[in-house]
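Input: a single structure, listed below in structure tokens.
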Amino acid sequence: MFHSGQANFLPSMTGRVWVVGDNGQSVAALERSLATAGFVCECLGTEEARVRLASGRPGVGRVLLDAVPTAVAAGLLGGLRRSGVAVTMLVEVEDLPTIELGLVSGVAGFAVKPVETPTLMAAMMLPGGEVLAPSGGCFPFRTLEDVSGLSQLAAGLCPDPESAQIALSELMCNAIEHGNLGLGFARKGQLMALGAWRNEVERLLGLPEHAARFAYLRVECRPREVRFLIRDQGLGFDPGPYLELDPARSVEPHGRGIAIARMLAFPDLVFLDGGRCVEGVVRRRA
634 MFHSGQANFL PSMTGRVWVV GDNGQSVAAL ERSLATAGFV CECLGTEEAR VRLASGRPGV
694 GRVLLDAVPT AVAAGLLGGL RRSGVAVTML VEVEDLPTIE LGLVSGVAGF AVKPVETPTL
754 MAAMMLPGGE VLAPSGGCFP FRTLEDVSGL SQLAAGLCPD PESAQIALSE LMCNAIEHGN
814 LGLGFARKGQ LMALGAWRNE VERLLGLPEH AARFAYLRVE CRPREVRFLI RDQGLGFDPG
874 PYLELDPARS VEPHGRGIAI ARMLAFPDLV FLDGGRCVEG VVRRRA
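Going left to right, the sequence shown walks through residues 634 to 919 as the working numbering numbers them.
See the structure below:
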């Protein structure tokens, strides 16, 4: 499930949030960011949150877990899932056990620390709780730097992380540059010939009309596979010409990312919604 993350979030029952973590400085900074966006926050340590949760429904629309250790998160997520409250997790990029726990526990949205405020807000806007199947969660991303860290993190869930990271990075970069920013094949070629591609991407990302335009990586951990879905907010495209390596484009410096992703990690790559969403599956080792 994907959500544009652009609707206004009004202070109400769904706008009330628990911010849970044991690093007081970090929790306070998160509270300030959320309050500015209109959320009504209550900050709790992990033990207080556990006790409060055991006594009944939290009475909030969402819980934000701030880099909570795996063992502690395991003690909270079951009760949160049963209560139907949406959960957003802030995670460290190297903390794969906690990330995988969240993915199989119905966590709605994830963001990797250190997190910028727009990315945090995009993760907080993702639907969750009772409306989300407990098999995966979404990571919003917007910049090339986001792609670098997030592709590394997600690839760590795969048997061949190196190949999976390259494949994910190709598809996620496509979502940003061709999807959200609308850079076409010919225009990218011109920019690369001038050595100006990255500067132009950064310039476009800085424009006001692109400030809240995110792409989303959904990761679903299943017993025999890890499923990745990447969605952008662009106009879509026809992926057909790019599924295989085309000798006619062999002299071009680009245009091979989709074919490379298929060869390295996702042989059964599927495009949906007019090219705005792509799904790839990696089989887990028995």
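By construction, the Cβ of each residue, glycine as well, lies at the ideal position given by its N, Cα and C atoms.
Straight-line measurement puts the Cα of Arg-895 at about 8 angstroms from the Cα of Leu-876. With fewer than 16 other Cβ atoms inside 10 Å of its own Cβ, Ser-688 counts as exposed. Looking at the backbone, the Cα of Thr-669 and that of Thr-750 are separated by about 10 angstroms. DSSP places Gly-711 in the uninterrupted alpha helix (DSSP H) bounded by 703 to 716. Here Pro-702 has Thr-731 as same chain residues with Cβ atoms under 8 angstroms from its own Cβ, once five neighbours each way along the sequence are excluded. Sequence-distant Cβ neighbours of Val-652 in its own chain, meaning closer than 6 angstroms and more than five residues away, are Val-660, Leu-663, Glu-664, Cys-674, Cys-676, Leu-697. At a Cβ-Cβ threshold of 7 angstroms, Val-745 and Met-722 do not count as neighbours.
In this structure His-843 is not in contact with Asn-807, their Cβ atoms being roughly 16 angstroms apart against a cut-off of 8 angstroms.
Between Ala-848 and Phe-774, the C-beta spacing is below 7 angstroms.
With fewer than 16 other Cβ atoms from the protein chains shown falling within 10 Å of its own Cβ, Pro-792 counts as exposed. Taking 8 angstroms as the upper bound for CB-CB distance, Arg-851 and Leu-862 are in contact here, some 4 angstroms apart. A Cβ-Cβ contact shorter than 7 angstroms links Ser-796 with Leu-897.
Here Cys-791 carries a coil assignment [DSSP, helix/strand/coil]. Apart from the 5 residues on each side of it in sequence, Gly-908 sits with its Cβ closer than 6 angstroms to the Cβ of Gly-869, Phe-870, Pro-872 in its chain, given in chain order. Under the three-state reduction of DSSP output, Thr-776 falls in the coil class, being neither helix nor strand. Taken through DSSP and simplified to helix, strand or coil, Val-652 comes out as strand.
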